[in-house]
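Undergrad: Chains A and B, in that order, give the protein sequences. For the first sequence, this note's numbering assigns the number 1 to the initial residue and increments by one for each residue that follows. For the second sequence, this note's numbering assigns the number 1001 to the initial residue and increments by one for each residue that follows. Backbone N, C-alpha and C define an ideal beta-carbon position, used for all residues, glycine too. Please see the structure below; I have some questions.
Protein chains: 2
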Amino acid sequence: MTITVLRLGHRPQRDKRLSTHLILCARALGAEKVIYTGMRDPRLEDGIASVVKEWGGSFEVEYTASHMGIIRNWAGKMVHLTMYGLQAHEVVSEVKESGGPLLIVVGGAKVPWDVYEEADWNVSVTTQPHSEVSALAIFMHLLQGDAALRHEFPGGRLKITPNIRGKDVEVEGGRRGRGSAKTKSSGST
Amino acid sequence: MTITVLRLGHRPQRDKRLSTHLILCARALGAEKVIYTGMRDPRLEDGIASVVKEWGGSFEVEYTASHMGIIRNWAGKMVHLTMYGLQAHEVVSEVKESGGPLLIVVGGAKVPWDVYEEADWNVSVTTQPHSEVSALAIFMHLLQGDAALRHEFPGGRLKITPNIRGKDVEVEGGRRGRGSAKTKSSGST
Chain A
1 MTITVLRLGH RPQRDKRLST HLILCARALG AEKVIYTGMR DPRLEDGIAS
51 VVKEWGGSFE VEYTASHMGI IRNWAGKMVH LTMYGLQAHE VVSEVKESGG
101 PLLIVVGGAK VPWDVYEEAD WNVSVTTQPH SEVSALAIFM HLLQGDAALR
151 HEFPGGRLKI TPNIRGKDVE VEGGRRGRGS AKTKSSGST
Chain B
1001 MTITVLRLGH RPQRDKRLST HLILCARALG AEKVIYTGMR DPRLEDGIAS
1051 VVKEWGGSFE VEYTASHMGI IRNWAGKMVH LTMYGLQAHE VVSEVKESGG
1101 PLLIVVGGAK VPWDVYEEAD WNVSVTTQPH SEVSALAIFM HLLQGDAALR
1151 HEFPGGRLKI TPNIRGKDVE VEGGRRGRGS AKTKSSGST
């Protein structure tokens, strides 16, 4: 199952870091692409492009003015994450069985009613208020199981070797950067 | 296993929304408390207190100036979430078996080296850059399984009944707010 995420209503001033976290979450857990609506934000796109260049994989970010164009032309099923929807752990098997490319729609502040109507499933993670970032993370983990945590990102300049106490980063060409936490990290936040 | 989250280095201007999302994620997935360091932020605390009042449960937020006081006096095990750590899905069984109260430490921009040293486990979710919010969500889901998504929050004024296409909110005293997506939501974001 391939996963594309549609992020609604991005506002560059207010949402820059949250949208960055959301998009990087989608990438790390195996989405192929994030499409976003709202205001176009070249700085957001450039930031993600740098992460992809440094850390590998073929992930893309794309802007579109209208969410309905994407939704109406989507050749697969669509999940809309909303705190009001059906419980994620109760509907996830049905979503998995549907196969095909999946579009996961993640709201901004005000989600138009047509999104609720067009979704094959409106899905909630806990029915409590939290974050579109945690909701997306949990739902992608439910969909893929621990395979969500084992995606490969070939072609990057940097690669981490898991380490019990320090930082072990392989740099393209075989150099290794090992260090204590005082070393500047190349992370997103 | 009870879970407390320690959020390091909060900066009110830059991190307000991310810290809010992180703290609400911790609450929704069953943490008892979030302690934060960095700059004290009454607006952050008030925002979370309102959510707890509206949505129930006994979750608390607490500020402390020094993370090392919390860590040194912690009567249980400690996990530090960092992209450089051991893979979450590979160490989670060991963490679960340890029992007792668990402290999950989540970084801000620069994590002091003593946190890496004091942690029983430095743990990464994917070894790719994404978000402390998604890392915490995934790790809490790994720890608790789908029980993470079924916590109860008694005593709130509002409660959602999962719905396939609209909003169905039970208001304290038995009133029901049903609506389309045009209804103003009481969510966090």
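(1) Pop quiz: residue 123(A) and residue 91(A) are said to be a contact at Cβ under 8 angstroms. What is the actual Cβ separation, rounded to whole angstroms?
(2) Which value, in whole angstroms, describes the spacing of the CA atoms of residue 73(A) and residue 34(A)?
(3) Rounded to a whole number of angstroms, what is the C-alpha to C-alpha distance between residue 170(A) and residue 1152(B)?
(4) Please report the straight-line C-alpha distance between residue 1160(B) and residue 84(A), rounded to a whole angstrom.
(5) What does the Cβ neighbour count give for residue 109(A), buried or exposed, with the cut at 16 atoms within 10 Å?
(6) Taking only beta-carbon atoms, is residue 149(A) less than 7 angstroms away from chain B?
(7) Would you mind listing the beta strand (DSSP E) stretches within the segment 1130-1189 of chain B that are 3+ residues and don't spill past its ends, in chain order?
(8) Taking beta-carbon pairs under 9 angstroms, can you tell me which members of the segment 76-89 of chain A lie near chain B?
(9) Secondary structure at residue 121(A), three-state DSSP: helix, strand or coil?
(10) For residue 1073(B), return the contacting residues in chain A, with the cut-off set at a CB-CB distance below 8 angstroms.
(11) Give every residue of the same chain whose Cβ lies closer than 6 angstroms to the Cβ of residue 1(A), excluding the five residues on either side of it in the sequence, and list them in chain order.
(12) Out of 28(A), 47(A), 165(A) and 175(A), which has the shortest C-alpha to C-alpha gap to residue 1118(B)?
(13) Ends of the beta strand (DSSP E) at residue 1013(B)?
(14) Comparing the C-beta of residue 43(A) with each C-beta of chain B, is any distance below 7 angstroms?
(15) Flag this pair as yes or no: are the beta carbons of residue 1107(B) and residue 1008(B) separated by less than 7 angstroms?
(16) Output needed in chain order: residues of the segment 9-25 of chain A with a Cβ under 7 angstroms from some Cβ in chain B.
(17) Which partner residues of residue 1104(B) appear in the DSSP bridge assignment?
(18) Cβ of residue 51(A) less than 7 angstroms from any chain B Cβ?
(19) Using the beta-carbon of each residue, which ones in chain A are nearer than 9 angstroms to residue 1059(B)?
(20) Return the chain-ordered list of same chain residues with a C-beta closer than 7 angstroms to the C-beta of residue 1129(B), the five sequence neighbours on each side being excluded.
TA: In this structure, then:
(1) With a contact defined as Cβ atoms closer than 8 angstroms, residue 123(A) and residue 91(A) qualify at about 6 angstroms.
(2) Going by the C-alpha atoms only, they are around 16 angstroms apart.
(3) About 44 angstroms.
(4) Cα to Cα, residue 1160(B) sits roughly 6 angstroms from residue 84(A).
(5) Exposed, because fewer than 16 other Cβ atoms sit within 10 Å of the Cβ of residue 109(A).
(6) Taking a beta-carbon distance threshold of 7 angstroms, residue 149(A) counts as an interface residue toward chain B.
(7) Scanning the segment 1130-1189 of chain B from its first residue to its last, the whole beta strand (DSSP E) runs of 3-plus residues come out as 1158-1160, 1167-1171 and 1175-1179.
(8) Taking 9 angstroms as the upper bound on Cβ-Cβ separation, chain B lies near residues 82, 83, 84, 85, 86, 87, 88 and 89 of the segment 76-89 of chain A.
(9) Residue 121(A): strand per DSSP, three-state reduction.
(10) Per Cβ cutoff of 8 angstroms: no residues; residue 1073(B) is ~21 angstroms from chain A at best.
(11) Taking residue 1(A) as the centre and dropping the five residues before and after it, the same chain places the C-beta of 102 closer than 6 angstroms to its C-beta, in chain order.
(12) Per the Cα distances, 165(A).
(13) DSSP places residue 1013(B) in no beta strand (DSSP E) but in the uninterrupted alpha helix (DSSP H) bounded by 1012-1028.
(14) With 7 angstroms as the cut-off, residue 43(A) does not count as an interface residue toward chain B.
(15) Yes. Within cutoff.
(16) If the cut-off is 7 angstroms between Cβ atoms, the segment 9-25 of chain A has 17, 18, 21, 24 and 25 near chain B.
(17) DSSP output for residue 1104(B) lists 1005(B) and 1079(B) as bridge partner(s).
(18) Chain B, which has a Cβ nearer than 7 angstroms to the Cβ of residue 51(A), makes this yes.
(19) Those within 9 angstroms of residue 1059(B) in chain A number zero; the least Cβ separation is about 10 angstroms.
(20) Counting only residues of its own chain and dropping the five nearest sequence neighbours on each side, residue 1129(B) has a CB closer than 7 angstroms to the CB of 1083.
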